[in-house]
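Step one of this worksheet: look at the structure below.
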Amino acid sequence: MTWQGRRVLVTGGAGFLGSNLCHALVQRGARVVALDGFLFGGGANPANLADAPIELVRGDIREMDLRNVCEGTSVIFNLAAQTSHMGGQNDPLADIAVNAVAQVRLIQAAREAAPDAVVVHASTRQFYGRAQKLPVDENQPVAPPDANGVSKFAGEQYWMLEHRVRGRPVVSLRLTNCYGPRLRIRDARQTFLGIWLRCVLEGRAFEVWGGPQLRDLTYVDDVTEAFLLAAATPGCHGQIFNIGGPPPASLHDIADLLVSIAGPPARYVTREFPADRATIDIGSYHADDRAFRTATGWEPKVSLEQGIRRSLEWFRPRLAEYL
Ligand SMILES: NC(=O)c1ccc[n+]([C@@H]2O[C@H](COP(=O)([O-])OP(=O)(O)OC[C@H]3O[C@@H](n4cnc5c(N)ncnc54)[C@H](O)[C@@H]3O)[C@@H](O)[C@H]2O)c1
């Protein structure tokens with residue numbers, strides 16, 4: 397697939413992963429429309445789309461007429477979502493309105509306005525819940541640990557249904573924790589590493605909750621590459637894939653690496669896992685993503701050390717725009 401001149405829609409395009417994808421698409425010559433409702437508490441940031449010819453449509457997928465924005469697109473990267481786990485627990489109706497009900501609205505609009513478009517849907521490893529065995533492959537039973545996991549699973553399944561019943565080429569990528577430039581670092585809403593990076597850049601100690609849990613953090617450029625390949629590889633269409641990162645590391649190891657890369661005064665303190673979060677915590681996770689590697693030749697290219705280094709370098713001169 398060539399991206400040159402192709403009209404591409406990225407929902408959630410002003411957010412962390414969506415905006416990185418928009419920039420990559422522009423570099424490949426695509427005509428990019430970023431649709432975003434700038435939802436409170438999410439990763440949307442006008443700075444994410446700065447200095448690139450990206451058409452930004454501000455709109456809420458829960459209520460806007462989605463046909464216009466779909467018109468003429470040949471690929472839809474569908475990343476708009478309510479992503480907060482605690483937010484989903486506190487207000488499950490608002491959570492399902494975005495992650496499931498509005499997905500059905502988008503599916504219906506795309507049927508009319510972009511019947512042939514390939515859709516790559518951003519899904520999550522969250523709804524596997526606590527891993528029955530590591531690494532987690534796509535056959536592990538789904539057992540969402542929280543309301544956000546339920547709504548994200550429902551959204552994914554509506555899209556896969558669209559493939560099965562109507563033949564739309566849909567790929568769902570179940571992502572693990574992602575990080576890198578344009579991450580929301582103001583707080584820990586997006587990932588623990590966001591607030592860690594902020595604290596390090598501000599010269600403050602960050603908190604590590606728990607510690608021995610394993611995570612396979614994926615650097616955003618590797619995630620972007622996975623999205624592009626998923627769209628461009630017909631053999632992926634109609635399938636669901638886990639996307640992981642480089643070899644897993646414990647939270648303590650990640651914290652130690654961050655401190656050693658940043659140098660003094662970077663430091664951290666270890667705290668007990670907060671009780672309200674422990675109830676929805678999934679423990680250790682790392683993905684078995686061999687199916688996607690086999691289908692596309694993809695593999696994560698950026699090591700944890702390189703990714704942390706690049707993230708610090710990227711945010712240092714831009715900190716004010718992200719606080
Ligand atoms: N970042 C990760 O580690 C990670 C992990 C697993 C899955 N995902 C999935 O990837 C996708 C992107 O995540 P992200 O980390 O970039 O989050 P993000 O919050 O930065 O991006 C989501 C974007 O969607 C927008 N949005 C939310 N509701 C909307 C609505 N009703 N109408 C229009 N726009 C709306 C938000 O404003 C935000 O800009 C999500 O679907 C998320 O579930 C991300």
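The sequence shown begins at 397 in our numbering and counts up one residue at a time. Here a beta-carbon is modelled for each residue, glycine too, at the ideal position from N, C-alpha and C. These numbers come from a predicted model, not from an experiment.
Going by DSSP, what residues sit across from residue i in a beta bridge?
i	result
Tyr554	According to DSSP, Tyr554 bridges with nothing at all.
Val604	Thr666
Ala518	Leu569
Gln635	Val567
Val532	Ala683
Arg427	Arg403
Ser646	Leu610
Given the structure, does residue i come close to ligand 1, in the sense that its CB is under 6 Å from one of the ligand's heavy atoms?
i	result
Asn364	Missing from the structure shown is residue 364; the chain here goes from 397 to 719 and no further.
Leu593	no
Cys466	no
Ala476	yes
Phe434	yes
Cys418	no
Phe623	no
Ala582	Note that residue 582 is Arg in the sequence shown here, rather than Ala. False, no ligand heavy atom lies under 6 Å from that Cβ.
Ala410	yes
Ile678	no
Asp456	yes
Val471	no
Ala490	no
Leu571	yes
Val494	yes
Leu613	no
Ala440	yes
Thr520	yes
Is residue i helix, strand or coil by DSSP?
i	result
Ile676	coil
Arg403	strand
Trp694	coil
Gln504	helix
Ile457	coil
Val546	helix
Glu451	strand
Thr614	strand
Tyr575	strand
Asp432	strand
Ser707	helix
Ala651	helix
Asn474	strand
Arg560	helix
Met580	Strictly speaking, residue 580 in this sequence is Arg, with Met absent from that position. It is coil, neither helix nor strand.
Pro442	helix
Thr587	coil
Arg526	coil
Glu701	helix
Distance cutoff 7 Å, beta carbons only. Does residue i sit that close to anything in chain B?
i	result
Val546	The question asks about chain B, but that chain is absent: this structure has only one protein chain.
Under 8 Å by Cβ, that's how I've got residue i and residue j pegged, so tell me the actual separation to the nearest angstrom.
i	j	result
Leu579	Ala622	The Cβ separation is near 17 Å, so there is no contact.
Glu451	Ala687	With 8 Å as the limit, Glu451 and Ala687 do not qualify as a contact, their Cβ atoms being about 34 Å apart.
Glu717	Ala518	That pair is no contact at about 24 Å.
Tyr681	Thr520	With 8 Å as the limit, Tyr681 and Thr520 do not qualify as a contact, their Cβ atoms being about 11 Å apart.
Ser656	Gln609	Contact doesn't hold; Cβ gap of about 20 Å is too wide.
Ala342	Arg458	Residue 342 is absent from the model: the chain starts at 397 and stops at 719.
Ala420	Leu624	7 Å
Leu557	Arg501	Actually they are not in contact, since the Cβ atoms of Leu557 and Arg501 sit about 15 Å apart, beyond 8 Å.
Ala550	Ala496	4 Å
Is the number of C-beta pairs between the region 535–542 and the region 586–595 that are closer than 8 Å three or more? Touching, no, given that fewer than three Cβ pairs across the two stretches are closer than 8 Å.
Contact the region 481–495 vs the region 510–518: 3+ CB pairs below 8 Å: Between the region 481–495 and the region 510–518, the count of C-beta pairs closer than 8 Å stays below three; the two stretches do not touch.
Say whether the region 459–478 touches the region 405–414, bearing in mind that this needs 3 or more beta-carbon pairs closer than 8 Å, one atom from each stretch. The region 459–478 is in contact with the region 405–414.
Three or more beta-carbon pairs under 8 Å between the region 552–569 and the region 624–634, yes or no? Under the 8 Å Cβ criterion, the region 552–569 counts as touching the region 624–634, having at least three qualifying pairs.
With contact counted as at least three CB pairs below 8 Å, one residue from each stretch, are the region 652–671 and the region 610–617 in contact? Fewer than three beta-carbon pairs drawn from the region 652–671 and the region 610–617 are found closer than 8 Å, and the two stretches are therefore not classed as touching.
Report yes or no: do three or more beta-carbon pairs, one from the region 704–717 and one from the region 593–605, lie closer than 8 Å? Flag = yes, the region 704–717 and the region 593–605 touch.
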